[in-house]
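A.B. asks: Structure incoming, see below.
In the UniProt record's numbering, the protein residues as written are 1 to 294.
This is the structure:
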């Protein structure tokens, strides 16, 4: 087993204790896990809407704390990437209406009115802050953390020198506001009404274990998605969706996603060497057979 550490600790998403009950929140989570682990990334989007607009209009922050350090190099605020109607349609999987100033958009599904696209800030201590302005009714934030390979546990099942189709098992776990770790801040935890997660894997990768049921899966064929990912994708990718929705007025508590995937890594050089090795073995075996049996 590799010494790489998976997300064994929770991600803490917090706000002021008097705010959490007065807003509705939807979480979007994208995890991109190609065979090339260096191109892996995680992306989080949060849609926030005030429940009691007339009685609650002050500004407030949402703070996110990860169990690992985040460098400026690996962090990216995705607001500018979303100032395109087609990209918003892709993210929300429905037709959206972006205003001329490209600051606000509308959604049919949630019927919230104008939603403001907002910036996300990475702080010096690796925490992330989302600031909701005073009287701003609906806000959407989205950011990406590139190269999460150090947070993926990996186990090799075969050696490429012996087998050119080497297999590795990757393990990643993602939990939100686990009360086991953040007991003191449980009242400040942001409560989500809906969590929508997408996991993107190579089509040759087998999803061998998961902690939540798959809602849907499909082949990633859209060119716009590949442009948005901004990775040189030569193979076909599969998208697996995991979706949870709160019942009635409740919120989702103790959400966790655990994945174990088997990756088949191909190497042209190793494949050629392996084929050469097989040919040499066959020739030597044939030579010995002729020497022994005339």
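Cβ coordinates follow ideal geometry from the N, Cα and C atoms, glycine included.
Remember, predicted model here, so these are calculated numbers, not experimental data.
Any contact between the region 86-97 and the region 215-228? By contact I mean 3 or more CB pairs, one from each, below 8 angstroms.
C.D. replies: Touching, per the Cβ criterion.
A.B. asks: Cα separation between residue 172 and residue 256?
C.D. replies: What you label residue 172 is simply residue 172 of the chain shown in a count that begins at 1. What you label residue 256 is simply residue 256 of the chain shown in a count that begins at 1. Going from the Cα of residue 172 to the Cα of residue 256 covers about 11 angstroms.
A.B. asks: May I ask you to report which of helix, strand or coil DSSP gives residue 85?
C.D. replies: In the chain shown, residue 85 corresponds to position 85, counting from 1. Of the three classes helix, strand and coil, the one that applies to residue 85 here is helix, per DSSP.
A.B. asks: Which residues does DSSP pair with residue 132 in a beta bridge?
C.D. replies: Within the chain shown, the letter at position 132 stands for residue 132. According to DSSP, residue 132 bridges with 60.
A.B. asks: Suppose you measure from the CA of residue 100 to the CA of residue 235; what does that come to, to the nearest Å?
C.D. replies: As a working mapping, residue 100 is identified with position 100 in the chain shown. As a working mapping, residue 235 is identified with position 235 in the chain shown. Near 37 angstroms, if we compare the C-alpha coordinates of residue 235 and residue 100.
A.B. asks: What are the residues that DSSP puts in a beta bridge with residue 201?
C.D. replies: Along the chain shown, one-based indexing puts residue 201 at 201. Answer is 33 and 238, bridged to residue 201.
A.B. asks: Nearest by alpha-carbon distance to residue 27: which of 38, 39 and 14 is it?
C.D. replies: Here residue 27 corresponds to residue number 27 of the chain shown, with the count starting at 1. With respect to the C-alpha of residue 27, the residue from 38, 39 and 14 having the closest C-alpha is 14.
A.B. asks: Does the distance from the CB of residue 62 to the CB of residue 190 come in under 8 angstroms?
C.D. replies: Taking the chain shown and counting its residues from 1, one reaches residue 62 at position 62. Taking the chain shown and counting its residues from 1, one reaches residue 190 at position 190. Yes, these two residues count as a Cβ contact at 8 angstroms.
A.B. asks: How many whole angstroms separate the CB atoms of residue 169 and residue 262, which I take to be in contact at a CB cut-off of 8 angstroms?
C.D. replies: Translated into the one-based positions of the chain shown, residue 169 becomes position 169. Translated into the one-based positions of the chain shown, residue 262 becomes position 262. With 8 angstroms as the limit, residue 169 and residue 262 qualify as a contact, their Cβ atoms being about 5 angstroms apart.
A.B. asks: Applying the 10 Å Cβ sphere with the 16-neighbour rule, what's the burial state of residue 132?
C.D. replies: As a working mapping, residue 132 is identified with position 132 in the chain shown. So residue 132 ends up on the buried side.
A.B. asks: Cα-Cα, which of 73, 210 and 188 is closest to residue 197?
C.D. replies: In the chain shown, counting from the first residue as 1, residue 197 sits at position 197. Of 73, 210 and 188, the residue nearest in Cα terms is 210.
A.B. asks: Mind checking which residues open and close the beta strand (DSSP E) that includes residue 156?
C.D. replies: Taking the chain shown and counting its residues from 1, one reaches residue 156 at position 156. Taken as a continuous stretch (DSSP letters only), the beta strand (DSSP E) holding residue 156 covers 153-156.
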